[in-house]
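Per the numbering used here, the sequence shown starts with residue 1, numbered consecutively.
Just so you know, even glycine gets a beta-carbon here, dropped at the ideal spot from N, CA and C.
Here is the structure we will look at.
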Amino acid sequence: MYNSKIIGLGKYLPENVVTNDDLSKMMDTNDEWIQERTGIKERRWIPEDSNDTSAVMGAKAAKIAIERSGLTKDDIDFIVFATLSPDYYFPGCGVQIQDLLGLQNVGALDVRNQCSGFIYAISVADQFIKTGMYKNVLVIGAEYHSNGLDKTTRGRGVTVIFGDGAGACVLSREEDTTKGILSTHLHSEGKYADKLIVASPSIKHWVPEIIESNEEDISYYPYMDGTFVFKHAVVRFSEVIMEGLMKNNLTKEDIDMLIPHQANLRIAQFIQKKFKLRDDQIFNNIMKYGNTTAASVIIALTEAWEEGKIKSGQHVVLAAFGSGFTWGSVIIKW
Ligand code: ACO
1 MYNSKIIGLG KYLPENVVTN DDLSKMMDTN DEWIQERTGI KERRWIPEDS NDTSAVMGAK
61 AAKIAIERSG LTKDDIDFIV FATLSPDYYF PGCGVQIQDL LGLQNVGALD VRNQCSGFIY
121 AISVADQFIK TGMYKNVLVI GAEYHSNGLD KTTRGRGVTV IFGDGAGACV LSREEDTTKG
181 ILSTHLHSEG KYADKLIVAS PSIKHWVPEI IESNEEDISY YPYMDGTFVF KHAVVRFSEV
241 IMEGLMKNNL TKEDIDMLIP HQANLRIAQF IQKKFKLRDD QIFNNIMKYG NTTAASVIIA
301 LTEAWEEGKI KSGQHVVLAA FGSGFTWGSV IIKW
């Protein structure tokens, strides 16, 4: 048995900044409402004249992660790609990464677990490494939300939250099983699938039906029962962090850095208070990027690492909750 450890991190955010004031020119919203309810000041949205997509941004982040790992692209044994906004209905973004980065004909797996996508993706990669099947796995989270959002007042409850971006890491074999990823914890509760959903296009509700339907059919835009999701998020975040700590005989005092999914600053602050964490024990960047769903945890982890906030020997906890519902945590000895 082996452990796995992160040996390279990378992120890519489109340069185009969209402020809350910019949004208030598109819909009936305002900076005060958005900041007060979510903590978000601005987000990045891919501009119309850009070639960026989830796969393209993922490839850019992955290139940086591979460079920083000290490996070459030929050392990568497998790709795991998490997104809810793939370039195509099929094939998935993973195979595009193989092509865009010119990797060998390695396997590529797409993960569809929305805000928990990166947690699920890194857990899968960890299992492949722990069993010895692969040595170096590229794990990517990327989202191109902005092209699929309702930018009118009708969509304001959801649209103001989401941003575009990508993050990636190289997960590699670690012989010392007291280091690296100690454990991962994954959960779901499908009875709440319709609380946070893009219901179409789907095989149940295919494109011609949408075209023919009346104007009221907006099921191709994300729907979220925000208050309901919020209430479940705070409970599940706490549970799954505790589950990870207990599995490793750790307590909340052992957390050196918590990287929560960047869904809402108020959720992160609730967790911070509950676990009695100082400001330097939790990392948030939702203020700058909004909710980048499957990319959010890996973008935040990369940024925390770039800012020197994660050091060797520390306990780093990753946690997420989102559509599905799905939720999960990762306990790392860095
Ligand atoms: N600007 C101004 N007013 C707005 C906006 C806006 N952008 N959006 C909604 N409002 C209005 C509503 O119409 C409502 O008005 P009313 O009282 O007259 O009806 C009022 O503000 C309150 O709306 P709520 O939806 O009740 O606001 P809430 O306080 O719940 O905040 C939010 C909404 C920010 C979405 C919050 O519920 C939340 O963060 N939920 C959790 C999100 C989350 O964790 N998602 C999981 C990850 S995402 C994924 O998995 C894809």
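Reference Met246; option with closest CA among Leu182, Lys274 and Asp217: Leu182
Quick one: what's got a C-beta closer than 7 Å to His205's C-beta in the same chain, skipping five residues either side? Ala199 and Ser219
Go ahead and pull the three-state DSSP assignment for Tyr289. helix
Work out the CA separation of Ala295 and Leu109 for me, nearest whole Å. 16 Å
Could you name each continuous beta strand (DSSP E) segment of 3 residues or more that falls completely within the region 231-293, going from the start of the chain to the end? 257-260
Counting only runs that start and end within the region 141-172, where is the alpha helix (DSSP H) found for 4 or more residues in a row? 156-159
Do you know how far the Cα of Asp74 is from the Cα of Asp28? 50 Å
Nearest to Tyr144 by CA position, among Thr53, Asp280, Asn3 and Tyr88, is which residue? Thr53
Would you kindly report the start and end of the unbroken alpha helix (DSSP H) that includes Ile221? One detail in the question is off: residue 221 reads as Tyr in this sequence, not Ile. Run containing Tyr221: none; DSSP gives neither H nor E here.
Could you check the C-alpha separation between Lys130 and Ala319 for me, to the nearest Å? 21 Å
The ligand ACO and Phe230: does any heavy atom of the ligand fall closer than 8 Å to the residue's C-beta? yes
Determine the DSSP secondary structure at Asn105, reduced to helix, strand or coil. coil
Which residue wins for smallest C-alpha separation from Gln314, given the options Met257, Gly308, Val158 and Gly322? Met257
Can you find the residues in the same chain that come closer than 6 Å, C-beta to C-beta, to Thr152, ignoring five residues on each side of it along the sequence? Met27
Give the straight-line distance between the Cα atoms of Lys288 and Leu13, rounded to the nearest whole angstrom. 10 Å
Considering only residues of the same chain and omitting the five flanking positions on each side of Ser4, which have a CB-CB separation below 8 Å? Ala125, Asp126, Ile129, Lys130, Val137, Leu171, Ser172, Arg173, Glu174, Gly180 and Ile181
Short check: CB of Lys252 to CB of Phe283, under 9 Å? no
Keeping to the same chain, check which residues put their C-beta closer than 8 Å to that of Thr177; ignore five residues upstream and five downstream. Met1, Tyr2 and Asn3
Segments of 3+ residues assigned as beta strand (DSSP E) that fall wholly inside the region 43-99: 78-82
Would you say the beta carbon of Met57 comes nearer than 8 Å to a heavy atom of the ligand ACO? no
Taking 8 Å as the cut-off, is the C-beta of Leu149 nearer than that to any heavy atom in the ligand ACO? no
Assign Tyr120 to buried or exposed, taking buried as 16 or more other Cβ atoms, counted over all protein chains shown, within 10 Å of its Cβ. buried
Going straight from the alpha carbon of Asp194 to that of Gln262, what length do you get? 21 Å
Classify Trp327 as helix, strand or coil using the three-state DSSP reduction. strand
Asp110 - DSSP class collapsed to helix/strand/coil: strand
Continuous beta strand (DSSP E) stretch holding Ser202: start and end: Taken as a continuous stretch (DSSP letters only), Ser202 belongs to no beta strand (DSSP E), as it is neither H nor E.
N-terminal and C-terminal residue of the alpha helix (DSSP H) that Ile122 is part of: Gly117 to Lys130
Endpoints, the beta strand (DSSP E) within which Asn3 is located: Asn3 to Tyr12
Candidates Glu239, Gln35, Tyr134 and Ile298: closest to Ile161 by CA position: Gln35
Would you kindly report the start and end of the unbroken beta strand (DSSP E) that includes Thr19? Val17 to Thr19
Between Ala142, Gly322 and Met242, which has its C-alpha nearest Phe275's C-alpha? Met242
Regarding Thr335 and the ligand ACO, is the C-beta to nearest heavy atom distance less than 8 Å? Given a span of 1 to 334 for the chain in the structure shown, any question on residue 335 remains unanswerable.
Per-residue DSSP class, three states only, for Lys333: strand
Could you name the residues of the same chain whose beta carbon sits closer than 6 Å to that of Val158, not counting the 5 residues immediately before and after it, in chain order? Pro222 and Met224
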